[in-house]
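Take a look at the structure below.
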Amino acid sequence: MTINEMHAEAVAGVVDRVVARHRRDPSNMVQILREIQEACDWISPEAIDRLQATLGVPRTKIEGVAGFYAFFYTAPRGQYRVLFSDNITDRMLGSKALIDRLCNNLWVERGKVSEDGLVSVGQTACTGMCDQGPAMLVNNLAIAGLTAERIDQIAELIRGKVPLAEWPAEFFQVEDNIRRADILLDSDLKPGDALRAARARAPSDGLHASNMRSWREGLPTGLGGPAATLDEIKRANLRGRGGAGFTTGLKWEACRNAPLKSGQQRIVVCNADEGEPGTFKDRVLLTRFADLVFEGMTVAAYAVGATKGFIYLRGEYRYLLDQLNAVLARRRAEKLLGENILGIPGADFDIEIHLGAGAYVCGEESALIESLEGKRGTPRNRPPFPVTNGYLDQPTIVNNVETFAAAAMIALNGGDWYAGIGTKASAGTKILSVSGDCARPGIYEYPFGVSVRQVLEDCGATDTQAVQVSGPSGVCVAENEFDRIIGFEDIPTAGAFTVFNKTRDMFQVARNYVHFFQHESCGFCTPCRVGTSLLRNLMDKLHHGAGSPYDFAEIERLNQLLQSMSHCGLGHTACNPVLDTIAKFRPYYDKRMMQQDFTPAFDLDRALGAARQMTGRDDAAAHLATEHGGKA
Amino acid sequence: MSQTFTLDGKTIPFADGQTIIQAAADAGVFIPHLCYHPEFKPHGSCKLCTVKVNGRHTASCTMRAAAGMVVESDTEEINAERRALTQMLFVEGNHFCPSCEKSGNCQLQATAYHLGMMSPHYDHFFPNRAVDASHPEVLLDFNRCILCSLCVRASRDVDGKNVFALSGRGIQTHLIVNAKSGQLGDTDFTLADKAAHVCPVGVILKKRQGFAVPIGERKYDQAPISETVGEGQ
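Going down the list, the protein sequences come from chains A and B.
Using this note's numbering, read the first sequence as starting at 4 and increasing by one per residue.
Using this note's numbering, read the second sequence as starting at 199 and increasing by one per residue.
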């Protein structure tokens, strides 16, 4: 009996076990579905039957959640589910040829399940291995540094039905590639030191934080630590590292001052849903500096008076789960998590890890909270904001992994120390994820204020044409702008730094990013749901040689609409890569504008592609001559 | 109601907790909308009701009114954007007004007329969506679904049944029903449900009732949608 043929009883057993482990709590729905799929390969109607019965939630709710996340399958996808990372950097490293090679090897069509139900091969958004691509996920476990040889080995293992646990360990090796370290990546913080420093910190004169509540509501006051710690965060002028750059001290203070209703607690959430294509710094921070991140979260809990913490880890980093849980367990044993932390009575805080399941939009903080609550990852209407009405309507702060790491260092060394690093407007350091056309891709930590040119020199990039800073939703920087600096006053960034040399076609870069946004739109609001598809169609139209000046005007119009009417940042930024590249790399577009007058996107010859595929023909007689020479 | 804001220059009074669209409706001012319905919790997804508040775009069905707000709604710029959204909804689904039972009673169609939409403008997506005729009383024609989620909210919040939900993501987002078979006939849905009567377009249709009222004499044939403001409040 194969796993796919598991008897309904066995499925029910799995479901019951998973549901019990999650305390029959429907707010863990995303975790429950993930674990069921890990055990059963997919989420079958029988599994949903059982879930409905044991959790007592309507089937529509379960199917609505399961249908939202790209990594959840409500139809069988094989025992081996291969997803190639489809970032532009993977393509530049030859991923397309490798996909074809694996498909040919396994006799499977891309996107489909093999006839024997053994394997499927598809594509997914950037998996965060851009410094060591091309990469793939097999049953959500990351494999980087793919080569033709490795692909052949993988095909062999799949054909031989070798369990994933028995595949060579080196396949799953992920490199850290730390190339330049500064205060965070050079940190040798001993677990607990930042917390002890925070606790010892006495309130100083001119305290910004006005109230002096202790760790938990209702405890006798008298500890100067929490308010003083918050004060240091403010003094440090720390701003969020996830891209938006909101002032961390203000966010924490708003959460700390938010009233608690009876039975509520404050929540600290670490956003490790590092989905922006080209970003992989959080992967390294969590691999090498997990203690620093957890310590930062605990400092935050101390400062705002929170008792519960979550890490929302992107599903692509599933391979980090066990080691992160081990670090959490060790910290509990060291009294750095759990009850009475550091022996302070009532100082209670613990951290739970939730995994995402292939939804970029969950990096948006309110969508992330929805996902933590076991729902579809749709951004909420705001106000109210998470600091007052977040996880299960409780006051919640959501900060980036790197922000928490910085907060730990600030707790240890003080705000003035931190504010002295970087520039006047941008305090501290920024970790860049450098990939693309350079000799030394990897992680680079710089004080804010470093120029694009300096980073390019350090990573060994030559003949550079453009750098996409902060991923598709960021900005495309051309050669004449390389003296611009990384910082909130010039180029703010979540960390992606993707280098393109002069052999690259910037139109294809933009088109890849547009396809990404189309795939990741949550579908909640009309402008983004339909607009990203319209934009993708326009870019494909240009790609097929049917573009005209009319299409430029359309892109411009769509951009305005997406920016003004969209529900969240995804829609607001979806046109950025196209507009940037049109403005800065117009010749790549002009080359495709063989039409001066409007030309329809429909192409009769391309429409016959399906018929050619079905009949296995590709000879000249199976093609029509087309007016604009489009190629199928 | 001593507090006020201005809407296109007109002074609008509002009570604490009212959204812009609620206060506007009370004052007899129409703001185009599709997913908003006065009886249900606002959803904020269709974005048709977007206005500019102090210069910033925001959905008027979710934004609470505040004293002194300067709101723009019936401007050429905003109506052009609303028209584009309406066009998007038309090309996303399969909307063939001349043969649709809901024609003349359809909010999408009436809103398109209101906004002066003369063509779909964008290329049609022509999605492949099956109809569900399994229920004895009701036909579901998903071709016309605009994902407003009114039936979802009505079934969940009023009927207490959760017959409908949205599944899928992005352009694949779609309405599902609460049955293992996926068929409405296998649910406890009835014509008496609130959810049977809230669809702004022609998805949820009573069977054997075709063309009971001739086209030309239907709701929005009698008066444009802008004159239905305040209905149901």
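Note that CB positions come from ideal geometry on N, CA and C, so glycine has one too.
Are the CB atoms of residue i and residue j nearer to each other than 8 Å?
i	j	result
A:I161	A:L109	yes
B:T284	B:A310	yes
A:L459	A:V502	yes
B:G400	B:K300	yes
B:T385	B:V375	yes
A:A360	A:V33	yes
A:E484	A:Q468	no
B:H231	A:S567	no
A:A128	A:V177	no
A:G308	A:P386	no
A:V296	A:F407	yes
A:T57	A:A69	no
A:A304	A:F249	no
A:K544	A:S436	no
A:V14	A:E49	yes
In angstroms with no decimal places, state the Cα-to-Cα distance between residue i and residue j.
i	j	result
A:L316	A:L358	5 Å
A:L339	A:N402	20 Å
A:T391	A:D508	46 Å
A:A201	A:V271	17 Å
B:C259	B:P240	6 Å
B:H235	B:F288	20 Å
B:N292	B:D330	15 Å
B:A213	B:A221	8 Å
B:N252	B:N303	35 Å
A:F510	A:A197	47 Å
A:I186	A:T432	7 Å
A:T232	A:I39	42 Å
A:E557	A:S123	37 Å
A:I585	A:S429	30 Å
B:Q420	B:G408	19 Å
A:G452	A:G425	6 Å
A:P280	A:N274	16 Å
A:L86	A:G136	13 Å
B:G428	A:R37	46 Å
Cβ closer than 7 Å: which chain A residues qualify as neighbours of residue i?
i	result
B:L382	The premise fails here: B:L382 is roughly 12 Å from chain A at the closest Cβ pair, so nothing lies under 7 Å.
B:R351	By Cβ distance, chain A contributes nothing, its closest Cβ being about 12 Å from B:R351, past 7 Å.
B:E279	L564, S567, M568
B:A282	L564
B:T248	M568
B:G207	Ordered by position in chain A, no residue passes the 7 Å Cβ test against B:G207, which lies about 21 Å from the chain.
B:D321	N540, A604
Return the Cβ separation of residue i and residue j in integer angstroms, given the expectation that the two are a contact with Cβ distance under 8 Å.
i	j	result
B:A393	B:S353	4 Å
A:L327	A:I356	6 Å
A:V21	A:I35	5 Å
A:G534	A:L565	5 Å
A:I354	A:M300	6 Å
B:I369	A:S536	5 Å
A:G131	A:R286	5 Å
A:K587	A:C479	6 Å
A:E523	A:L573	7 Å
A:Q55	A:I65	6 Å
What residues of chain B sit near residue i, judged by a beta carbon separation below 9 Å?
i	result
A:R286	Residues of chain B passing the Cβ test: none, with the nearest at roughly 24 Å.
Please list the partners that residue i has in chain B, where partner means a Cβ-to-Cβ separation under 8 Å.
i	result
A:K64	N360, A363
A:P552	The premise fails here: A:P552 is roughly 17 Å from chain B at the closest Cβ pair, so nothing lies under 8 Å.
A:Q40	Ordered by position in chain B, no residue passes the 8 Å Cβ test against A:Q40, which lies about 16 Å from the chain.
A:P348	Per Cβ cutoff of 8 Å: no residues; A:P348 is ~41 Å from chain B at best.
A:P48	K378
Is residue i near the ligand ATP, in the sense that its beta carbon is under 7 Å from a heavy atom of that ligand?
i	result
A:C106	This structure lacks the ligand ATP, and indeed carries no ligand of any kind.
Quick one: which chain A residues come within Cβ less than 8 Å of residue i?
i	result
B:N376	P61, R62, T63
B:S317	Simply none; closest approach about 14 Å.
B:L338	Per Cβ cutoff of 8 Å: no residues; B:L338 is ~14 Å from chain A at best.
B:I369	Q521, S524, G526, R532, V533, T535, S536
B:L255	The question names Leu, but residue 255 of chain B in the sequence shown is His. Neighbours of B:H255 on chain A, chain order: S567, M568.
B:G366	G70, F71, G526
Closer than 9 Å by beta-carbon distance: list the chain A residues that pair up with residue i, in chain order.
i	result
B:C244	C528, T529
| said: I'd like the ranges of any alpha helix (DSSP H) spanning at least 4 consecutive residues and lying wholly in the stretch 481 to 523 of chain A. | reply: 509 to 523
Query raised in the report: Curious, which full-length alpha helix (DSSP H) runs of at least 4 residues does the stretch 407 to 447 of chain A contain?
Result: 418 to 422
request  = Can you check the stretch 63 to 99 of chain A for any beta strand (DSSP E) of at least 3 residues that lies completely inside it and give the ranges in chain order?
outcome  = 83 to 88
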